[in-house]
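In my numbering, the protein residues as written are 560 to 695.
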């Protein structure tokens, strides 16, 4: 005669499944944060290339005041590029994975000959230890 599971055994099995799923979801949250950091790193590398294109076409890097927006909209303040091409097609590209606009400064804080791109990181606050920079 076949014996089925008791209600108690079913509750135990469901509890174990819940713990396993909870652990998997928690672990996936960590992977998601790792992916966001990788995306920010890739964004900064892309901006470095775009800024080199801007300098080659326009004659100089954008000023700190012009920022990365100079890749999206033609600057109206000095230094005005001698030629300008829209390199960034979507304004959303100017934001990091945590939805904070990348900060730009030229000259950079560590390499004064190159621009610096900074992400505020997961806490969305500049000047904290989770900030990311292309000059780190």
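From the three backbone atoms N, C-alpha and C, an ideal C-beta is built for every residue, glycine too.
Check your understanding: With distances taken between CB atoms, is the gap from residue 689 to residue 695 smaller than 8 Å?
Key -> Here residue 689 is taken as the residue at index 130 of the chain shown, counted from 1. Here residue 695 is taken as the residue at index 136 of the chain shown, counted from 1. Cβ distance not < 8 Å, so residue 689 and residue 695 don't count as in contact.
**Study point:** Residue environment, residue 623, which counts as buried when at least 16 other CB atoms sit within 10 Å
**Key:** In the chain shown, residue 623 corresponds to position 64, counting from 1. Exposed is the call here.
Check your understanding: Exposed or buried, which one is residue 700 when buried takes at least 16 other CB atoms within 10 Å?
Key -> It is not possible to answer for residue 700, since the shown part of the chain is limited to 560 through 695.
**Study point:** Exposed unless 16 or more other CB atoms sit within 10 angstroms - verdict on residue 625
**Key:** For the purposes of this step, residue 625 is identified with residue 66 of the chain shown, where counting begins at 1. With 16 or more other Cβ atoms within 10 Å, it is buried.
**Study point:** Identified DSSP bridge partners for residue 660
**Key:** By 1-based counting over the chain shown, the position of residue 660 is 101. Beta-bridge pairing links residue 660 to 654.
Check your understanding: Can you find at least 3 beta carbon pairs, one from the segment 590 to 602 and one from the segment 638 to 649, that sit closer than 8 Å?
Key -> They do not touch, by the three-pair rule.
Check your understanding: Which residues mark the beginning and the end of the beta strand (DSSP E) in which residue 678 is found?
Key -> On the chain shown, residue 678 is found 119 positions in, with the first residue counted as 1. Residues 675 to 678.
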